[in-house]
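Peer 1: This structure is in structure tokens; I'll ask about it shortly.
Residue numbers (the numbering used here): 3 to 238.
This is how it looks when you write it as structure tokens:
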């Protein structure tokens, strides 16, 4: 190999070795994750203690990833502790209202009806008025004045509102100190009127409510009389 051209041959060999070493060093310096095939790194490729806490994603390890007993064992359930002392009684709730505050409104509905057998004997019975009532859930401080918004007959239309009763059947309203009654249904009803349950006085109410009555039609063929509607009362 070295008999002829000794200097040239030696020089070429040295250059080849240097070139190969340089390529290996360059490849080692440029090795990245893309140069490693998926699933190619094995346990034997990792040095002891090579993987540290900083290399593990937070909250990704499971209990099964640890050797049995490393995380500690759950102990037996303990005995129930002694009963604690009874706490002090809390404050009582607000008292029920004895009187509706001034300016506050109550609303409700009413319905009364009756049957009429006729005027001719022997069926001449049930010819008087039919009674009902409105009872306030909370009493007023004083009796209210009463306004009845009667249903228009024979148009069968809702009555017109007033200054004291500016609402309607579906939205009953009342000025302070007034009970407003809105009639929504009328059948064989000559008159809807209110009275005091105390003494039967007409056109008055009490601080607890009012009575209602309707008078039947005198038509001998009429068999049923009724009045239905809503009401509102506002405390004076």
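Note that the Cβ used here is the ideal one computed from N, Cα and C, for glycine as well.
Three-state secondary structure (DSSP) at residue 133?
Peer 2: By 1-based counting over the chain shown, the position of residue 133 is 131. Strand at residue 133.
Peer 1: What span of residues does the beta strand (DSSP E) with residue 236 cover, start to end?
Peer 2: Counting from 1 along the chain shown, the entry for residue 236 is found at position 234. Residues 226-236.
Peer 1: Within the continuous beta strand (DSSP E) that includes residue 195, where are the two ends?
Peer 2: On the chain shown, position 193 is the one that residue 195 refers to. 191-197 is the extent of the beta strand (DSSP E) around residue 195.
Peer 1: Output the distance between the C-alpha atoms of residue 105 and residue 87, rounded to the nearest integer angstrom.
Peer 2: Counting from one through the chain shown, the residue named residue 105 turns up at place 103. Counting from one through the chain shown, the residue named residue 87 turns up at place 85. The alpha-carbon atoms of residue 105 and residue 87 are separated by roughly 47 Å.
Peer 1: Roughly how many angstroms lie between the CA atoms of residue 238 and residue 143, to the nearest whole one?
Peer 2: Position 236 of the chain shown, counted from the first residue, corresponds to residue 238. Position 141 of the chain shown, counted from the first residue, corresponds to residue 143. Those two C-alpha atoms are separated by around 8 Å.
Peer 1: In terms of residues, what are the limits of the beta strand (DSSP E) holding residue 171?
Peer 2: As a working mapping, residue 171 is identified with position 169 in the chain shown. Per DSSP, residue 171 belongs to no beta strand (DSSP E) and is neither H nor E.
Peer 1: Using 10 angstroms around the beta-carbon of residue 38, count the other beta-carbons present and answer buried if the total reaches 16, otherwise exposed.
Peer 2: Reading the chain shown from its first residue, position 36 is the one you call residue 38. With fewer than 16 other Cβ atoms within 10 Å, it is exposed.
Peer 1: Using 8 Å for Cβ pairs, my map puts residue 234 next to residue 176. What's the rounded Cβ distance?
Peer 2: For this step, residue 234 is matched to residue 232 along the chain shown. For this step, residue 176 is matched to residue 174 along the chain shown. 4 Å between Cβ atoms; contact.
Peer 1: Would you give the residue range spanned by the beta strand (DSSP E) that residue 147 belongs to?
Peer 2: Numbered from its first residue, the chain shown carries residue 147 at position 145. Here the beta strand (DSSP E) through residue 147 covers 147-151.
Peer 1: Could you tell me whether the stretch 175-193 touches the stretch 133-148, where touching means 3 or more Cβ pairs closer than 8 Å?
Peer 2: yes
Peer 1: Rounded to whole angstroms, what is the Cα-Cα separation between residue 85 and residue 63?
Peer 2: What you label residue 85 is simply residue 83 of the chain shown in a count that begins at 1. What you label residue 63 is simply residue 61 of the chain shown in a count that begins at 1. Approximately 40 Å, taken between the alpha carbons.
Peer 1: DSSP state of residue 57, grouped into three classes?
Peer 2: The sequence position of residue 57 within the chain shown is 55, counting from 1. In this structure, residue 57 counts as helix in the three-state DSSP scheme.
Peer 1: Give a yes or no on whether the C-beta atoms belonging to residue 214 and residue 136 are separated by under 8 Å.
Peer 2: Position 212 of the chain shown holds residue 214. Position 134 of the chain shown holds residue 136. Against a cut-off of 8 Å, the Cβ pair of residue 136 and residue 214 comes out as a contact.
Peer 1: Roughly how many angstroms lie between the CA atoms of residue 56 and residue 68, to the nearest whole one?
Peer 2: As a working mapping, residue 56 is identified with position 54 in the chain shown. As a working mapping, residue 68 is identified with position 66 in the chain shown. Residue 56 and residue 68: Cα-Cα distance of roughly 17 Å.
Peer 1: According to DSSP, residue 66 sits in a beta bridge with which residue or residues?
Peer 2: As a working mapping, residue 66 is identified with position 64 in the chain shown. DSSP, once it has assigned bridges, lists no residue as partnering residue 66.
Peer 1: Taking DSSP as the reference, what is the three-state secondary structure of residue 109?
Peer 2: In the chain shown, residue 109 corresponds to position 107, counting from 1. Note: residue 109 maps to strand in three-state DSSP.
Peer 1: Which residue's Cα is closest to the Cα of residue 194: 161, 51, 174?
Peer 2: One-based indexing of the chain shown puts residue 194 at position 192. The option with the nearest alpha carbon to residue 194 is 161.
Peer 1: Taking the DSSP output, what are the residues bridged to residue 214?
Peer 2: Along the chain shown, read from residue 1 onward, the residue named residue 214 stands at position 212. Note: residue 214 sits in a beta bridge opposite 134, 196.
Peer 1: Quick one, are the C-beta atoms of residue 197 and residue 203 less than 8 Å apart?
Peer 2: Stepping through the chain shown from its first residue, residue 197 is reached at position 195. Stepping through the chain shown from its first residue, residue 203 is reached at position 201. Yes, Cβ-Cβ distance for residue 197 and residue 203 is below 8 Å.
Peer 1: Between residue 236 and residue 167, what straight-line distance do the alpha-carbon atoms span, to the nearest angstrom?
Peer 2: As a working note, residue 236 is residue 234 in the chain shown. As a working note, residue 167 is residue 165 in the chain shown. Answer to the nearest angstrom: the Cα atoms are 10 Å apart.
Peer 1: Can you tell which of 173, 50, 36 has the C-alpha that lies nearest to the C-alpha of residue 107?
Peer 2: Looking up residue 107 in the chain shown gives position 105. When each option's Cα is compared against that of residue 107, the closest is 173.
Peer 1: Alpha carbons only, please: which of 54, 58, 164, 132 is nearest the one belonging to residue 228?
Peer 2: The residue labelled residue 228 in the question sits at position 226 within the chain shown. Ranked by Cα distance from residue 228, the options 54, 58, 164, 132 are led by 132.
Peer 1: Since residue 231 and residue 171 should fall inside the 8 Å C-beta cutoff, what is the C-beta to C-beta distance between them, to a whole number of angstroms?
Peer 2: As a first step, residue 231 is located in the chain shown; it is residue number 229 there, counting from the start. As a first step, residue 171 is located in the chain shown; it is residue number 169 there, counting from the start. Right, the Cβ-Cβ distance comes to about 6 Å (below 8 Å), so this counts as a contact.
Peer 1: Answer with buried or exposed for residue 91, where buried requires no fewer than 16 other C-beta atoms within 10 angstroms of its C-beta.
Peer 2: For this step, residue 91 is matched to residue 89 along the chain shown. It counts as exposed.
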